[in-house]
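Residue numbers (my numbering), protein chains in the order written: chain E, 1 to 232; chain V, 1001 to 1232.
We treat Cβ as the ideally placed atom computed from N, Cα and C, and that holds for glycine.
Number of protein chains: 2
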Amino acid sequence: MTGERASFRTIRDELSRRIAERVWLPGTLIPGEETLAEEFGAARATVNRALQELARAGILERRRRAGTRVALHPVREARFIIPRIRQEIEGRGSDYQYRLLSCEEAKAPEVICARLSLQPGSRLLHVRCLHLADRVPYQFEDRWINPKVVPDALQADFSQVGPNEWLVGHAPFSTAEFTFMAAAASAEEAGLLQIREGDPVFVGERITWMRADPITLAHLVHPSSHRMVTQL
Amino acid sequence: MTGERASFRTIRDELSRRIAERVWLPGTLIPGEETLAEEFGAARATVNRALQELARAGILERRRRAGTRVALHPVREARFIIPRIRQEIEGRGSDYQYRLLSCEEAKAPEVICARLSLQPGSRLLHVRCLHLADRVPYQFEDRWINPKVVPDALQADFSQVGPNEWLVGHAPFSTAEFTFMAAAASAEEAGLLQIREGDPVFVGERITWMRADPITLAHLVHPSSHRMVTQL
DNA sequence: GGACTACATATGTATAGACATAACGGCATA
DNA sequence: TATGCCGTTATGTCTATACATATGTAGTCC
């Protein structure tokens, strides 16, 4: 005899059902926590937890004093797992291979410095490498690392371990920004990914910071067969 | 004299800081809730809330009896807001325009039926339209709607209101799947988006279900200048 | 040694009670 | 009419306590 207990999950799901089945239409002011607590025979804190989860998911809108209403414009959010490339490839049952293409300290181009809010002409560590799945090019990584923040990176050996994997273990970040876009493959990218120049590529760009200091900018290029999928 | 109170936010941020600054290295078993509660002068429930948030973000791993440890592989997740196109455009301060291109019931191609797990040859409502920002093509939407689930759609007038906006108000979904990819513009897409055939485009695909029934499949094509950005 | 069991323990969840905080709406004032 | 103050009220958060649940560990038995 279990499951009769009104847990916050039960409440959350039941409220979610009422919204999905349009018992409560968008914009409706739903009963207050106290009332719901009574209805479900639970404490207000329990109802609160259920409501907060739904609000976080974007299907409820809550305001003090004003009460809780069904979101008019369910701005729902999708969550993408940002896996490490090795795990992503091995997780699909493929063999992962890695190839370091180049690694050198160099004066970073204007664009890069600007993206990282660094002085133009800053010297950064430039790493280029290729990730393969079952020997087929999967991602070309073009990365700039700020040695001011991660001095160890200058001594690191990226011939076996990719810079991302290395950074995860040596330089945690406090904030990150991800950008995704479509682009046309440059001649270099095309050669490395075994596609034709100008073919569409799926590009991810990742910038990470430690506090206000930029750690790294990664430009990640996939052939157009790449899919980024998420369930909601 | 406020702020001295140890709220779950304070605790969350302080723990987060310790992890970011490598006071607690990945893999470390951190003190138990009871201990932390004592340290912060808070109740265990408060510490619990802070820890649960960090666990949800993927930077802590918790297991009953085993305790809480700093995630070895911070599989962090990025959250993308899935806005409605009008809001997305107006939110950037641009003017939104909408143009319906076609709207008819038709036998859906194999691929579409397969993606929606429907019998091959099912008759679906096919809507094509264009969204513009400041009169510049922003997104071409090619959508199939399942009239079995949303019969009202057959009578709906999509000449003024886009099908997405209409669906939000008439057919809430229980689950959704989002896919993003890069592709080459077809001749039709190129014409509508005012780019050249074969130019890279950023494509989003969205399928929604109500329970087990597929509601709609939307194919959303952006010119390659489109950026999808998220902060973490 | 290996399998099984009992126990200890950290987290998971629920509860009642309390106070904090924001903001709706009405009332008073300029 | 417009403005500003303020009480009421729904949500936000914290506390203390209790019990549930999973699971590592130690101890037992063969």
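Going by C-alpha to C-alpha distance, which of G1121/V, Q1052/V, D1013/V and L1125/V sits closest to G1032/V?
Taking the first residue of the second sequence as position 1, residue 1032/V is located at position 32. Cα-wise, what sits closest to G1032/V is Q1052/V.
Using the C-alpha atoms, what's the distance from R84/E back to P1223/V?
Counted from its first residue, the second sequence places residue 1223/V at position 223. Counted from its first residue, the first sequence places residue 84/E at position 84. Just so you know, the alpha carbons of P1223/V and R84/E end up roughly 28 Å apart.
Does V150/E come out as helix, strand or coil in the three-state DSSP assignment?
Indexing the first sequence from 1 puts residue 150/E at position 150. DSSP places V150/E in coil when its eight states are reduced to three.
Quick one: what's got a C-beta closer than 7 Å to T2/E's C-beta in the same chain, skipping five residues either side?
Numbered from its first residue, the first sequence carries residue 2/E at position 2. Only weak support is given to the placement of T2/E: the predicted model assigns it a pLDDT of 34, under 50, and the value that follows is read from those uncertain coordinates. Closer than 7 Å at Cβ, skipping near neighbours: no residue.
Can you list, in chain order, the residues of its chain with a C-beta nearer than 7 Å to that of Q1231/V? Leave out the 5 residues immediately preceding and following it.
One-based indexing of the second sequence puts residue 1231/V at position 231. Same-chain partners within the cutoff: there are none.
Three or more beta-carbon pairs under 8 Å between the region 142-159 of chain E and the region 192-204 of chain E, yes or no?
The answer is no - the region 192-204 of chain E does not touch the region 142-159 of chain E, with fewer than three Cβ pairs under 8 Å.
Residues of chain V with CB under 8 Å from S266/E, in chain order?
Chain E is shown only over 1 to 232; residue 266/E falls outside these bounds and no answer can be derived.
Does the count of Cβ pairs from the region 60-80 of chain E and the region 110-119 of chain E closer than 8 Å reach three?
no
Note down, in chain order, every chain E residue with its Cβ under 9 Å from the Cβ of L1232/V.
In the second sequence, counting from the first residue as 1, residue 1232/V sits at position 232. Simply I82, F173, T175, A176, E177, F178 and T208.
Using Cβ-Cβ distances below 7 Å, what residues of the region 147-163 of chain E are close to chain V?
none
Return the CA-CA distance between E1105/V and V1136/V, expressed in angstroms with no decimal places.
The residue you call residue 1105/V lines up with position 105 of the second sequence. The residue you call residue 1136/V lines up with position 136 of the second sequence. Each residue's alpha carbon lies about 29 Å from the other.
My output table needs one value for Q1087/V: the three-state DSSP class, helix, strand or coil.
For the purposes of this step, residue 1087/V is taken as the residue at position 87 of the second sequence. Residue state, collapsed to three classes: helix.
Going by beta-carbon coordinates alone, are R9/E and A50/E separated by less than 9 Å?
Within the first sequence, the letter at position 9 stands for residue 9/E. Within the first sequence, the letter at position 50 stands for residue 50/E. For R9/E and A50/E, yes; Cβs fall inside 9 Å.
Tell me whether Q1052/V sits in a helix, a strand or coil according to DSSP, three-state version.
Looking up residue 1052/V in the second sequence gives position 52. Helix.
Residues near M1210/V by beta carbon distance below 8 Å, same chain, minus five either side
By 1-based counting over the second sequence, the position of residue 1210/V is 210. Answer for M1210/V: V1149, A1171, P1172, F1173 and S1174, listed in chain order.
Tell me the rounded alpha-carbon separation between E1090/V and P74/E.
Counted from its first residue, the second sequence places residue 1090/V at position 90. Counted from its first residue, the first sequence places residue 74/E at position 74. Cα to Cα, the separation comes out at about 17 Å.
What number of angstroms, rounded off, separates the C-alpha of P1214/V from the C-alpha of Q139/E?
Walking along the second sequence from the start, residue 1214/V turns up at place 214. Walking along the first sequence from the start, residue 139/E turns up at place 139. Spanning the two alpha carbons is a distance of roughly 33 Å.
Minimum length 3: unbroken beta strand (DSSP E) runs contained in the region 5-69 of chain E:
60-63
Are at least three pairs of beta-carbons, each pair with one atom in the region 1176-1193 of chain V and one in the region 1150-1167 of chain V, less than 8 Å apart?
no
Answer yes or no: do G191/E and Y98/E have a C-beta to C-beta separation smaller than 9 Å?
Translated into positions along the first sequence, residue 191/E becomes position 191. Translated into positions along the first sequence, residue 98/E becomes position 98. No, the pair does not count as a contact, with Cβ atoms beyond the cut-off.
For A1187/V, which of helix, strand or coil comes out of DSSP?
Counting from one through the second sequence, the residue named residue 1187/V turns up at place 187. Reduced to three states, the DSSP call for A1187/V is helix.
Looking at the structure shown, is L100/E part of a helix, part of a strand, or coil, going by DSSP?
As a position in the first sequence, residue 100/E is number 100, starting the count at 1. Reduced to three states, the DSSP call for L100/E is strand.
Three-state class that DSSP yields for H73/E in the structure shown:
As a working mapping, residue 73/E is identified with position 73 in the first sequence. Here H73/E sits in coil by DSSP.
Chain E residues whose Cβ lies nearer than 9 Å to that of P1120/V
Stepping through the second sequence from its first residue, residue 1120/V is reached at position 120. Here the premise fails: no neighbours, minimum Cβ distance about 23 Å.
What residues from the region 76-102 of chain E come within 9 Å of chain V, judged by C-beta to C-beta, listed N to C?
R76, E77, A78, R79, F80, I81, I82, P83, R84 and Q87
Exposed or buried, what is I81/E when buried is set at 16 or more other beta-carbons lying within 10 Å of its beta-carbon?
One-based indexing of the first sequence puts residue 81/E at position 81. I81/E is exposed by the Cβ-count criterion.
Quick check on this structure: which residue in D134/E, L54/E and V47/E has the alpha carbon closest to the alpha carbon of S7/E?
For the purposes of this step, residue 7/E is taken as residue 7 along the first sequence, with counting starting at 1. The shortest Cα separation from S7/E among D134/E, L54/E and V47/E belongs to V47/E.
May I ask you to list the residues that DSSP assigns as paired with H1126/V?
Position 126 of the second sequence, counting from 1, holds the residue named residue 1126/V. Bridge partners of H1126/V according to DSSP: E1104/V and W1144/V.
Contact list for the region 1008-1028 of chain V against chain E, Cβ threshold 9 Å
S1016, R1017, I1019, A1020, E1021, R1022 and P1026
Please check the pair F180/E and M228/E, which I expect to be a contact at CB under 8 Å, by giving their CB distance rounded to whole angstroms.
Within the first sequence, numbered from 1, the residue matching residue 180/E stands at position 180. Within the first sequence, numbered from 1, the residue matching residue 228/E stands at position 228. With a beta-carbon spacing of about 7 Å, F180/E and M228/E fall inside the 8 Å limit used to define contacts.
Go through its chain and collect everything with a Cβ distance to F1178/V's Cβ below 6 Å, but skip five positions before and after it.
The residue given as residue 1178/V occupies position 178 in the second sequence. Within the same chain, F1178/V has close Cβ partners R1206.
What residues in the region 1131-1148 of chain V have a beta carbon less than 7 Å from any beta carbon of chain E?
none
CB-CB under 7 Å to E189/E, same chain, minus the five flanking residues each way: which ones, in chain order?
In the first sequence, the residue the question calls residue 189/E occupies position 189. If we look at E189/E and ignore the five residues flanking it on each side, its Cβ neighbours are F140, V201 and V221.
Is there a C-beta anywhere in chain E that falls below 9 Å from the one on V1047/V?
In the second sequence, residue 1047/V corresponds to position 47, counting from 1. No, because no Cβ of chain E sits closer than 9 Å to the Cβ of V1047/V.
Helix, strand or coil for A1114/V? Go by DSSP, reduced to three states.
Here residue 1114/V is taken as the residue at index 114 of the second sequence, counted from 1. Correct three-state label for A1114/V: helix.
Among H131/E, E110/E, A78/E and C113/E, nearest to D95/E - alpha-carbon criterion
In the first sequence, the residue the question calls residue 95/E occupies position 95. Nearest of H131/E, E110/E, A78/E and C113/E to D95/E, Cα basis: H131/E.
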